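Peer 1:
Residue numbers (the working numbering), protein chains in the order written: chain E, 6 to 143; chain F, 6 to 143.
Encoded structure:
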């Protein structure tokens, strides 16, 4: 699948946030499936005994005129990838990356908040102009 | 959104299976969202004290060349609708309707089986040629 329009922006923002990009893309090959999550990254935890934190990031631009359609797709993709990730690297956390504009416009909707809470979606919000991470929501 | 190509076939099959179609489509209007599930139906339970069983059915033809894409979308849609249904009519069960061909070809895949089990998807399989229900999977 084509790279998301925000791919390089998010990659840059994640690096600025102190992460090392280890996979671009991050490949999943378990349960007879081949799939790709946009980025894999690692960070050494400040508390040294906590070791290295690993994440995978799926970037969603939500460019479809119907946010609802894009959100169905993003939710299903996230929840399918979580199952693959459990098999391949259960400690690696999956994040959905969304721009600040999309987050502000659509993610405070009751139905979206309920889905995020119920299905434990982790979200990383980025500022596309400044190429920075504005919040990690988990 | 346009009616699914199997809409009338599933409607007919559900009726043959002893259900009364009560809604076509079944409208959801809760949490500030308006959404439509393809069909709503009811059936009197044989054990009279069990009353009336209510279901909603979302029909998926899986016509996209990528089954994986369509399955992401179907899973996300199902899980978002479940949350709306909980608010509107918590006793009504949601089913995903898929043709026997699609079920046989794609739904025995490990990754799909794992998703169905983990996220408690209920599925009704139909024979598109004979317009009958072949199985209810829950």
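Backbone N, C-alpha and C fix where the C-beta goes; we use that ideal spot for every residue, glycine too. None of these values were measured; they are calculated from a predicted model.
Taking a cut of 7 Å between CB atoms, which residues from the stretch 83-115 of chain E lie near chain F?
Peer 2: Answer in chain order: 84, 85, 88, 89, 114, 115.
Peer 1: So with Cβ pairs under 8 Å, would you call residue 77 of chain F a contact of chain E?
Peer 2: Working through the second chain from its first residue, we reach residue 77 of chain F at position 72. Yes, contact with chain E.
Peer 1: Considering only DSSP beta bridges, list what residue 132 of chain F is partnered with.
Peer 2: For the purposes of this step, residue 132 of chain F is taken as the residue at position 127 of the second chain. Partner(s): F/137.
Peer 1: Write down the C-beta distance between residue 44 of chain E and residue 61 of chain E rounded to the nearest angstrom, noting that I regard them as a contact closer than 8 Å.
Peer 2: Along the first chain, read from residue 1 onward, the residue named residue 44 of chain E stands at position 39. Along the first chain, read from residue 1 onward, the residue named residue 61 of chain E stands at position 56. That pair is a contact at about 7 Å.
Peer 1: Using a C-beta to C-beta distance shorter than 7 Å, which residues of chain F count as neighbours of residue 31 of chain E?
Peer 2: Translated into positions along the first chain, residue 31 of chain E becomes position 26. Under the 7 Å cutoff, chain F gives no residues; its nearest Cβ is about 16 Å from residue 31 of chain E.
Peer 1: Under a Cβ-count criterion, where at least 16 other Cβ atoms within 10 Å of its own Cβ denotes burial, should residue 115 of chain E be classed as buried or exposed?
Peer 2: By 1-based counting over the first chain, the position of residue 115 of chain E is 110. It counts as exposed.
Peer 1: For residue 104 of chain E, count neighbouring C-beta atoms within 10 Å of its own C-beta (all shown protein chains included) and say buried if the count is 16 or more, exposed if not.
Peer 2: As a working note, residue 104 of chain E is residue 99 in the first chain. Residue 104 of chain E is buried by the Cβ-count criterion.
Peer 1: Going by beta carbon distance, what residues of the same chain come within less than 7 Å of residue 189 of chain E, once the five residues before and after it are set aside?
Peer 2: A question about residue 189 of chain E goes unanswered here, because the residues of chain E that appear run from 6 up to 143.
Peer 1: Output yes or no for whether 8 Å exceeds the beta carbon distance between residue 100 of chain F and residue 129 of chain F.
Peer 2: Counting from one through the second chain, the residue named residue 100 of chain F turns up at place 95. Counting from one through the second chain, the residue named residue 129 of chain F turns up at place 124. Yes.
Peer 1: Since residue 71 of chain F sits in a beta bridge, which residues does DSSP pair it with?
Peer 2: For the purposes of this step, residue 71 of chain F is taken as the residue at position 66 of the second chain. Bridge partners of residue 71 of chain F: none, in fact.
Peer 1: Going by other Cβ atoms of all chains shown within 10 Å of its Cβ, with 16 needed for buried, is residue 82 of chain F buried or exposed?
Peer 2: On the second chain, residue 82 of chain F is found 77 positions in, with the first residue counted as 1. Buried is the call here.
Peer 1: Reducing DSSP to helix, strand and coil, say where residue 18 of chain E ends up.
Peer 2: Counted from its first residue, the first chain places residue 18 of chain E at position 13. Helix.
Peer 1: For residue 4 of chain F, does the count of other Cβ atoms within 10 angstroms reach 16, so buried, or fall short, so exposed?
Peer 2: Any answer about residue 4 of chain F is impossible in this case: the structure gives chain F only from 6 up to 143.
Peer 1: Could you work out which residue in E/59, E/50, E/48 is closest to residue 97 of chain E when comparing CA atoms only?
Peer 2: Here residue 97 of chain E refers to the residue found at position 92 of the first chain. Closest by alpha carbon: E/59.
Peer 1: Counting only the same chain and skipping the five closest in sequence on each side, list residues whose C-beta sits under 8 Å from that of residue 124 of chain E.
Peer 2: Indexing the first chain from 1 puts residue 124 of chain E at position 119. Once the five neighbours on either side are set aside, the close Cβ partners of residue 124 of chain E are 80, 83, 84.
Peer 1: With distances taken from CA atoms, which of E/122, E/118, E/21 is nearest residue 139 of chain E?
Peer 2: Start at 1 with the first residue of the first chain, and residue 139 of chain E comes out as number 134. The residue with the shortest Cα to Cα distance from residue 139 of chain E is E/21.
Peer 1: Residue 119 of chain E touches chain F at which residues, Cβ-Cβ below 8 Å?
Peer 2: In the first chain, the residue the question calls residue 119 of chain E occupies position 114. Per Cβ cutoff of 8 Å: 36, 88.
Peer 1: Nearest by alpha-carbon distance to residue 102 of chain F: which of F/120, F/131, F/111, F/117 is it?
Peer 2: Translated into the one-based positions of the second chain, residue 102 of chain F becomes position 97. Here the closest residue by C-alpha is F/131.
Peer 1: Starting from residue 99 of chain F, follow its DSSP beta bridges and name the residues at the other end.
Peer 2: Within the second chain, residue 99 of chain F is the residue found at index 94, counting from 1. According to DSSP, residue 99 of chain F bridges with F/61.
Peer 1: Is it buried or exposed, residue 51 of chain F, if we count other Cβ atoms within 10 angstroms and call 16 or more buried?
Peer 2: Counting from 1 along the second chain, the entry for residue 51 of chain F is found at position 46. That one is exposed.
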